[in-house]
Amino acid sequence: MAPDTLLRIGCGSGFSGDRIDAPGPVVDALIAAGGPAALMLEVLGERTLALAQRERLHRPEAGYEPALIDLLRPILARCVAHGIPIVTNGGAANPRGAAQAVLALGRELGLPALRIGVVEGDDIRGTDALDDLDPWEGDAGAVLEPARVIAANVYLGAAPIAEALRGGAQVVVTGRCSDPALALGPMLAHFGWSEDDWDRLAAGTMAGHLLECGSQITGGYFADPGVKDVPGMATLGFPIAEIGADGAVLITKPAGTGGVVDRRTVTEQLLYELHDPSAYLTPDVVLDITGVRITEEAPDRVRVAGARGRPRPERLKATVSLPGGWLGEGEISYAGPNARARAELAGRTLRERLRMLGLEAAARLDLIGVVSVFAGDDRVPAGTADVAPADLRLRLAVATETRAEAERAVREVLSLYCCGPAGGGGVRTRVVDRIRTLSFLVPRERLAPRVILLELEA
Amino acid sequence: MSAVPLYRLAHARAGDKGNRLNIALIAHRAEDWPHLAAQVTEARVLAHFAHRGASAVRRHDLPGLGAFNFVIEDVLQGGVNGALNLDGHGKSLSFHLLALEVEPPAPG
Chain A
952 MAPDTLLRIG CGSGFSGDRI DAPGPVVDAL IAAGGPAALM LEVLGERTLA
1002 LAQRERLHRP EAGYEPALID LLRPILARCV AHGIPIVTNG GAANPRGAAQ
1052 AVLALGRELG LPALRIGVVE GDDIRGTDAL DDLDPWEGDA GAVLEPARVI
1102 AANVYLGAAP IAEALRGGAQ VVVTGRCSDP ALALGPMLAH FGWSEDDWDR
1152 LAAGTMAGHL LECGSQITGG YFADPGVKDV PGMATLGFPI AEIGADGAVL
1202 ITKPAGTGGV VDRRTVTEQL LYELHDPSAY LTPDVVLDIT GVRITEEAPD
1252 RVRVAGARGR PRPERLKATV SLPGGWLGEG EISYAGPNAR ARAELAGRTL
1302 RERLRMLGLE AAARLDLIGV VSVFAGDDRV PAGTADVAPA DLRLRLAVAT
1352 ETRAEAERAV REVLSLYCCG PAGGGGVRTR VVDRIRTLSF LVPRERLAPR
1402 VILLELEA
Chain B
8 MSAVPLYRLA HARAGDKGNR LNIALIAHRA EDWPHLAAQV TEARVLAHFA
58 HRGASAVRRH DLPGLGAFNF VIEDVLQGGV NGALNLDGHG KSLSFHLLAL
108 EVEPPAPG
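So the protein lines, in turn, are chains A and B. Okay, so the first sequence: first residue is 952 according to our numbering, each after it adds one. Okay, so the second sequence: first residue is 8 according to our numbering, each after it adds one.
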């Protein structure tokens, strides 16, 4: 490949629950553009990985993102035919298992050949890296009990992804890696940027950060009718970044799709989940966006320039998942005259019942329709005292050590059918186990990322 | 002059990491940035989120983007894996910030 050509990177998925049909128009646009391109699929949340690890305990071949094959089925043959590599973190707790499933899909689709790159080494359970962890600043004071660890994964960088691509992988499957690395890996492989070219790594990482949440930069999670209007919400086009050899970044989306790319959508996503904008820590580079300028060059074409980079951190972030007890939730509706008073009576009744059961300490009540998500566990924001909607919903949430306690607590919501105030209806209850995640820092030299290439066998 | 909700002057997006929330606040009109810088102080934002247990607020200024990044500590009641709140991520809290009452900018 000529390293001075533009590289297009499309993003077909921004999180594990994203639209399954989103990658199609992105792939169509990459093919139509004709030049070198890659597709990233980000599908791995913190909780997703722990659930996948738990799933793998029951079925050793499982533990990768269940939707991965559904995402790939409509696009895999076209990407292979047009030389567009796909990079995904859908390997979750079992990248090799995911690779086997992708190979099986290739066989099913009748592909003559397929090479999968598997990135491993993010999973540090049972390694000595676990002995050398310091709590991340946001989890100061956290103490790790190794015997209780469900999952422990380090955020790897872009280098192993680039290595797999240089080895001819048409699909690269990783477990945990930094989300921007899914885009930076193809840039490293294409442009051959050196590992200490900090400003280019910063530009590529910024582009990956802008892409990683999919439609969150093309009008998704943005619309506010009458203030920030977005056309075509049902057919949002997912983003494509055009990357220059010098690190130039332009964000766009496929023609003919819904959504919008403008200064506002790009600014919201640029700052998404960022803390200090002068020091966004990634495994590949410390990114400084304080000098970034955003320019609308044409409709749905936005230039983002001015990222600066500093040497990558010596320690990498690891997410450790531990059992987190149980969550019980129950809801019941009250509507019509005096609905708020009846719902509040139901709430007081629940409190008293939970006190009798010894479960009150870890309980929270919401009046959905009056105030819920803005409230603290025991304080509400000002201005809600006089709100009296004619249709609202009381919600109980409890955190317990055992499943039995959670079930006992939510049963009290069900009991309101007969024992509660007049006119309660529509009870729903749910009990789920929880996973607690903590972040730690691991010295880079403790890690051994590795790449394995797997082939379709005739 | 009577106060207006911040919502009239800016838009916002929230993101979470553990028990820490960040809210990007972006001026609709770049020329309002200095006015917002004077109005939306760390102290005011801390008070606005006090009922959620916020313990500290740090404001990062991005004048070139017409934006601010607020990092709010301990506001998520343990974060998405520990909170009893329906919105354990705190994603809706961007609109709580936008409900903050501020002075309107001088007509210009």
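Using N, Cα and C, we set each Cβ at its ideal position, and we do this for glycine too.
Membership of A/Leu1022 in the alpha helix (DSSP H) is indicated by the continuous run 1019-1023. If you draw a straight line from the Cα of A/Gly1159 to the Cα of A/Leu1133, it is about 7 Å long. With contacts defined as CB atoms closer than 9 Å, A/Ala1290 and A/Asp1342 qualify as a contacting pair. Within the region 61-95 of chain B, His67, Leu69, Gly71, Leu72, Ala74, Asn76, Val78, Gln84, Asn88, Gly89, Leu91, Asn92, Leu93, Asp94 place their CB atoms closer than 7 Å to a CB of chain A, listed in sequence order. Between the region 92-110 of chain B and the region 41-49 of chain B there are three or more C-beta pairs closer than 8 Å, enough to call the two in contact. In this structure, DSSP gives A/Leu1225 a state outside helix and strand, which the three-state scheme calls coil. Cβ atoms of A/Gly1374 and A/Tyr1285 come within 8 Å of each other, at about 6 Å. In the three-state DSSP reduction, A/Val1322 falls in the strand class (E or B). Our two residues, A/Gly1171 and B/His58, have alpha carbons roughly 30 Å apart in a direct line. In summary, the residues of the region 1215-1239 of chain A whose CB is separated from some CB of chain B by less than 9 Å are Arg1215, Thr1218, Glu1219, Gln1220, Leu1221, Leu1222, Tyr1223, Glu1224, Leu1225, His1226, Asp1227, Pro1228, Ser1229, in the order they occur in the chain.
When secondary structure is reduced to three states using DSSP, B/Val52 falls in the helix class.
Rounded to the nearest angstrom, the Cβ distance from A/Val1253 to A/Asp1213 is 6 Å, consistent with a contact under 8 Å. For the pair A/Glu1163 and A/Leu1221, the Cα-to-Cα distance works out to about 11 Å.
One Cα belongs to A/Arg1346, the other to A/Gly1377, and the distance between them is close to 12 Å. Between the alpha carbons of A/Thr1351 and A/Thr1233 lies a distance of about 36 Å. The criterion of a C-beta distance shorter than 9 Å is not satisfied by A/Ile1191 and A/Val1217. If you draw a straight line from the Cα of A/Ala1028 to the Cα of A/Ala1174, it comes to about 34 Å. The beta carbon of B/Phe56 is closer than 7 Å to those of Ile79, Val82 in its chain, skipping five residues each way along the sequence. Taking 9 Å as the CB threshold, B/Arg20 lines the interface with chain A. One finds nothing in chain B with a Cβ atom closer than 8 Å to the Cβ of A/Asp1074; even the nearest lies about 19 Å away. With respect to the 9 Å criterion, B/Leu69 and A/Thr1241 are classified as neighbours on the basis of their beta carbons.
Identification of chain A residues near B/Ala45 by a Cβ-Cβ cut-off of 9 Å yields none; the smallest Cβ-Cβ distance measures about 20 Å. Nearest CB-CB separation between B/Asp39 and chain A: not below the 9 Å threshold.
Distance from the Cα of A/Leu1225 is smallest, within the candidate group B/Asp23, B/Ala19, B/Ala50, for B/Asp23. Not a single CB atom of chain B sits nearer than 9 Å to the CB of A/Gly1077. Under the three-state reduction of DSSP, A/Cys1164 is assigned to coil, being neither helix nor strand.
CA-to-CA, the gap between A/Asp1090 and A/Ala1043 works out to about 23 Å. The Cβ-Cβ distance between A/Val994 and A/Ala1013 does not fall below 9 Å.
Between B/Leu100 and chain A, the shortest Cβ-Cβ separation is below 9 Å. Residue A/Ile1026 holds the alpha-carbon nearest to the alpha-carbon of A/Leu981 among A/Pro1332, A/Arg998, A/Ile1026, A/Glu997.
When beta bridges are read from the DSSP output, B/Lys24 appears opposite B/Arg27.
The alpha carbon of A/Glu1088 has as its nearest neighbour, out of B/Arg27, B/Arg15, B/Leu16, the alpha carbon of B/Arg27.
Among the CB atoms of chain A, none fall inside 9 Å of the CB of B/His42. Under the three-state reduction of DSSP, A/Trp1277 is assigned to strand. Sequence-distant partners of A/Glu1280 (beyond 5 residues in either direction) whose C-beta falls short of 6 Å from its own C-beta, in its chain, are Ala1348, Arg1381.
Less than 9 Å divides the Cβ of A/Ala989 from the Cβ of A/Val1038.
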